[in-house]
Amino acid sequence: MSDTTASNSRSGETIRANPRSSALRAAGPWLLSAAALVALPFIFRSDTYLTVMSLMGIAIVFALSYNMMLGQTGMLSFGHAVYYGLGAYFVVHGMNWAIATRAPIPLPLMPLVGGIAGLGFAVIFGWLSTKRSGTTFSMISLGLAELVGSSSLILRTFFGGEEGITTNRTKLLRLTDWSFGSQFQMYYLIAAWCLISAVVMYALTRTPFGRMCNAVRENPERAQFVGYNPQVVRYIAFCLSGFFAGIAGALAGINFELANANLFGAAQSGTVLLATFIGGIGTFVGPVLGAVLVSYLQVMLSDITEVWQLYFGLMFIAVVMFAPGGLAGLVQMHAPVVRAGVIGRLMPSYLMAIVPALLLLLGVVMLIEMTVQLAVKQSEGPAMKLFGIGFNANQPWPWLLMVVLLASAYALFRLVSPRLSAAWDSARVTAAERGIVI
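Residue numbers for the sequence shown follow the working numbering, beginning at -7 and rising by one.
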C-alpha cells in the first residue's frame, strides 16, 4: 500500500489521503497571516498605528528568537538584547558604508547584516555560556550583557558614545520606486521579514533538531544517554537565536535610523523576557501574543503614566502566579471546552468575575498613581487627575475610596470563586463524557 492510502480496519474501506489538502491545511495559517499583514495598513491608516505595528513586528521576531532559547531549549537568558543591539549597530554601520561606497546593496537585504552579526557574536559568547545550564547560564548571560554595555561607553568609535550612530535608509540602492522613507513602506519591510523569520523559526521547531531541543529542556541526562551532547544542542540553539535576534535589532536600527546603547541594555532584555512570559513560553504563538500586547501597552501607557514599567512588572507577577502558561496557555485551556460545546456554561461566571476584576484594577491604579503623586511628584503638588476626575491626593476620601474598592474586589472574588470552580468542574465532566480530555 502506498503512503497516500490508509486501511480502515472497521469497515474494510481504503481511504485515500490528499497531500494537497494536507499541505493547504499546514500553509493556511501562514497564508492568513500574510493576508492580515498586507491588509492592516489599509485598516489602520494613521502614522501612529503604522509605527506601533512596525514595533510589534520587530518585537515578534525578537520574542520568537528568545523563545528558541527559553521555551524550546530551557535556557533563561538575562542578556539576550546583546545580539539585538549589536545587530542594530552593525546594520547601521553597514548602511553608512554602503552609502559612502555606493555599494549595490538594497535596503531589504540589510537585515541579513544584523543577523550575521548576531550569529557571529552568539558563536563567540555561546561557546562559553552554554557550557553551563540553569542559574549559572543565566548569570553568565547577565555578565556578558554588562560587558558589552560597558564597552559601548569605551569604544566610542564604533558605538558612538551616548548619542549612538545614525544613518539614512533612503540613500541606499533602490530596486523599485520605494525609498522606504515613509512609515507605510517601512511597515511592509518589517512585516515581510517578520513573516519570513517566523516561518523559518516555526519550521525549525518541527525538525529533529527542534525535538532534541525539547528533550534537552526536559531531561538533558536522557538526551545524552541516547547519544546527543546537550551542550552542543544548547549551543546551536543559542547561535540560531542570536541570528534572529540580530535580524530583529537590524529592523529596529533601520526603522529608527539610529543605534545606541539602549538597544542592548538591561531594560531591553527585561522587556523581551516579560513579553515572552506573558504570551506563554509553552507554545510557538505565545511570544507573538506577548510581543503584540507589550508593544501596544509600552507605547500607549507611556503617554498616560510615567510609571508604566511598574504596571508591566505587576502584570508579569500576576501572569507568573495565576497563569503560568501565559495568554496562549489560557487559550489552550479553553480550547477543549469550546470543542465540547460547553463554553456557554462558563460565561455567566466570567461575567460575574469581571466586576471584581475591574474594581481591583481601579483600586490598584488609584494606589499607584496617588503614591507617585505624593512621593515622586512633590513639586507638582497634591492636585491630580485620574480618569478625567480631579481630586487632591492629600485628602482622606480618595484613599478611603481606594480601600473600599480593594476590599469590595476581594469580597466579590470570594463569592464568585466557588461558582467559577463549579462551572469548570461541570464543563470538564461534560467534555470527558464527549471524549474530549482537558
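For every residue, glycine included, the Cβ atom is placed at its ideal position computed from N, Cα and C.
Check for me: the beta strand (DSSP E) holding residue i runs from which residue to which?
| i | result |
| --- | --- |
| alanine 375 | 375 to 378 |
| asparagine 59 | Taken as a continuous stretch (DSSP letters only), asparagine 59 belongs to no beta strand (DSSP E), being part of the alpha helix (DSSP H) at 39 to 65. |
| asparagine 384 | 381 to 384 |
Using the rule of at least 16 other Cβ atoms within 10 Å of the residue's Cβ for burial, across every protein chain shown, is residue i buried or exposed?
| i | result |
| --- | --- |
| asparagine 247 | buried |
| glutamate 154 | exposed |
| serine 413 | exposed |
| glutamine 365 | buried |
| arginine 209 | buried |
| leucine 484 | This structure cannot settle anything about residue 484, because the visible part of the chain is limited to -7 through 430. |
| serine 57 | buried |
| valine 329 | buried |
| leucine 145 | exposed |
| phenylalanine 54 | buried |
| glutamate 425 | exposed |
| tyrosine 402 | exposed |
| tryptophan 185 | buried |
| valine 368 | exposed |
| threonine 363 | exposed |
| proline 316 | exposed |
| proline 390 | buried |
| alanine 90 | buried |
| alanine 423 | buried |
| serine 38 | exposed |
| valine 264 | buried |
| glutamate 372 | exposed |
How many whole angstroms separate the CB atoms of residue i and residue j, which I take to be in contact at a CB cut-off of 8 Å?
| i | j | result |
| --- | --- | --- |
| alanine 109 | leucine 136 | Rounded, the Cβ-Cβ distance is 15 Å, inconsistent with contact. |
| arginine 411 | serine 341 | 5 Å |
| valine 347 | alanine 320 | Contact doesn't hold; Cβ gap of about 26 Å is too wide. |
| phenylalanine 70 | serine 130 | 6 Å |
| glycine 257 | alanine 80 | About 12 Å; that fails the 8 Å criterion. |
| isoleucine 270 | arginine 331 | Isoleucine 270 to arginine 331, Cβ: 25 Å. No contact. |
| glutamine 223 | lysine 377 | So it is not a contact: roughly 56 Å between Cβ atoms. |
| leucine 111 | cysteine 231 | 6 Å |
| leucine 29 | alanine 183 | 4 Å |
| valine 44 | valine 291 | 5 Å |
| serine 189 | phenylalanine 236 | 6 Å |
| leucine 255 | tyrosine 76 | 6 Å |
| methionine 87 | arginine 161 | 7 Å |
| proline 103 | leucine 167 | At roughly 15 Å, the Cβ-Cβ gap does not stay under 8 Å, so proline 103 and leucine 167 are not in contact. |
| leucine 181 | alanine 26 | In fact, because the Cβ distance is near 14 Å, the residues do not count as touching under 8 Å. |
| serine 121 | serine 133 | 6 Å |
What residue range does the alpha helix (DSSP H) around residue i cover?
| i | result |
| --- | --- |
| glycine 86 | 73 to 93 |
| arginine 331 | 318 to 332 |
| isoleucine 246 | 222 to 248 |
| methionine 204 | 200 to 210 |
| methionine 394 | 388 to 425 |
| alanine 114 | 103 to 121 |
| threonine 263 | 258 to 271 |
| leucine 68 | No alpha helix (DSSP H) contains leucine 68, which DSSP labels as neither H nor E. |
| phenylalanine 36 | Element bounds for phenylalanine 36: n/a, residue is neither H nor E. |
| glycine 355 | 339 to 367 |
| serine 447 | Nothing about residue 447 can be read from this structure; the chain reaches only from -7 to 430. |
| valine 312 | 300 to 314 |
Short of 6 Å in beta carbon distance, which residues of its chain neighbour residue i, apart from the five on each side in sequence? Order them along the chain.
| i | result |
| --- | --- |
| methionine 344 | Val408 |
| valine 84 | Ile157, Thr159, Gly245 and Ala251 |
| alanine 51 | Ala283 and Ser287 |
| methionine 358 | Met394 |
| glutamine 260 | Ala73 |
| threonine 297 | none |
| glycine 238 | Tyr75, Gly79, Gly106, Gly107, Ala109 and Gly110 |
| glycine 118 | Tyr227, Phe230 and Cys231 |
| proline 212 | Pro222 |
| phenylalanine 379 | none |
For residue i, which residues in the same chain have their Cβ closer than 8 Å to its Cβ, ignoring the five residues on either side in sequence?
| i | result |
| --- | --- |
| valine 191 | Trp22 |
| leucine 398 | Leu351, Leu352, Gly355, Val356 and Leu359 |
| serine 418 | Val334 and Arg337 |
| asparagine 59 | Thr268, Ile273, Phe276, Gly278 and Pro279 |
Closer than 7 Å by C-beta to residue i: which residues in its own chain qualify, once you throw out the five before and the five after it? Chain order, please.
| i | result |
| --- | --- |
| cysteine 205 | Gln64, Thr65, Val225 and Ala229 |
| leucine 293 | Trp300 and Tyr303 |
| leucine 197 | Correcting the residue identity first, residue 197 is threonine in this sequence and not leucine. If we look at threonine 197 and ignore the five residues flanking it on each side, its Cβ neighbours are Gln64 and Phe276. |
| arginine 406 | none |
| phenylalanine 176 | Pro33 and Leu42 |
| glutamate 5 | Residue placement at glutamate 5 is flagged as unreliable, the pLDDT there being 43, under the threshold of 50; a coordinate-derived value is accordingly withheld. |
| valine 311 | Phe269, Ile270 and Gly318 |
| proline 96 | Leu165 |
| tyrosine 179 | Pro33, Leu42, Met45 and Ser46 |
* Asked: What are the start and end residues of each continuous beta strand (DSSP E) run of 3 or more residues lying completely inside the stretch 141 to 189, in chain order?
  -> Unbroken beta strand (DSSP E) runs of no fewer than 3 residues, entirely contained in the stretch 141 to 189, are not found.
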